[in-house]
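Numbering (the working numbering), first residue to last: 19 to 81.
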């Protein structure tokens with residue numbers, strides 16, 4: 019990666035987290051919604067990285 023390139027990560031807005039919680043009958047404070055949004059973003063990055071790693075480790079099937 020060159021110096022000019024920046025890593026960009028998906029961010030889940032806390033309002034989206036709040037709306038998802040409200041759709042299940044839960045009410046979240048701003049602080050809790052922000053913490054959950056941060057955790058969701060981390061977990062998405064982690065799942066993506068693990069998937070890429072596994073894809074590189076799995077031999078391709080002969081066609």
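Virtual Cβ for every residue (Gly too), placed ideally from N, Cα, C. Keep in mind the model is a prediction, meaning the values are calculated, not measured.
With fewer than 16 other CB atoms across the displayed protein chains lying within 10 angstroms of its CB, residue 65 is exposed.
Contact between residue 30 and residue 50 does not hold, since their C-beta atoms are separated by about 14 Å, which reaches or exceeds 8 Å. Rounded to the nearest whole angstrom, the C-alpha separation of residue 38 and residue 24 is 30 Å. Straight-line measurement puts the Cα of residue 26 at about 30 Å from the Cα of residue 45. The continuous alpha helix (DSSP H) containing residue 66 extends over residues 48–75.
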